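Student: According to this note's numbering, the sequence shown holds residues 454 to 551 in order. Take a look at this one; I'll ask things after.
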Amino acid sequence: MCTAHMQNFWSAEVEHEVATLETAVSRRSNPNLGSSFMARRMLFEAVGVLDTAFKHRDIQELITRAVDGGLVTESLPDVLVRRRISRCQYQPASIGCR
Numbered sequence: 454m455c456t457a458h459m460q461n462f463w464s465a466e467v468e469h470e471v472a473t474l475e476t477a478v479s480r481r482s483n484p485n486l487g488s489s490f491m492a493r494r495m496l497f498e499a500v501g502v503l504d505t506a507f508k509h510r511d512i513q514e515l516i517t518r519a520v521d522g523g524l525v526t527e528s529l530p531d532v533l534v535r536r537r538i539s540r541c542q543y544q545p546a547s548i549g550c551r
């Protein structure tokens, strides 16, 4: 199984807030387990499918089972996912985001 890095970018609607919200952490690329997760069918045959009891962190739990089972994990150094930061991520209730 393999994952890659993710990097944030700012939506035009919140560009004026970049100076106050952006930090060194939000600028760098980070390993991402969800959006860039890649696996062969044999992984699921060996350790089972994603556990639907987890609302979040299901992929992390699957990876833990795989590592415990002796399977190899890799994290590519490349950014394969770009995540848009929008106003709904900072003020969802006050602006009607769902």
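All C-beta atoms, glycine included, are put in the ideal place defined by N, C-alpha and C. The model shown is predicted, which means the values in this text are computed figures rather than measured ones.
1. Just tell me which of Glu470, Glu514 and Ser489 has its CA closest to the CA of Arg536.
2. Pick from Glu514, Lys508 and Leu496: whose alpha carbon is nearest that of Val525?
3. Would you list the one or two residues that DSSP bridges to Phe462?
4. Would you call the CB atoms of Val532 and Ala465 closer than 8 Å?
5. Using beta-carbon positions only, say whether Asn485 and Val534 come within less than 8 Å of one another.
Tutor: Put simply:
1. The residue you call residue 536 lines up with position 83 of the sequence shown. The option with the nearest alpha carbon to Arg536 is Ser489.
2. Position 72 of the sequence shown, counted from the start, is the residue given in the question as residue 525. The option with the nearest alpha carbon to Val525 is Leu496.
3. Locating residue 462 in the sequence shown gives position 9, where the first residue counts as 1. Answer is Arg537, bridged to Phe462.
4. One-based indexing of the sequence shown puts residue 532 at position 79. One-based indexing of the sequence shown puts residue 465 at position 12. Contact: no.
5. Taking the first residue of the sequence shown as 1, we reach residue 485 at position 32. Taking the first residue of the sequence shown as 1, we reach residue 534 at position 81. In this structure, Val534 lies closer than 8 Å to Asn485 by Cβ.
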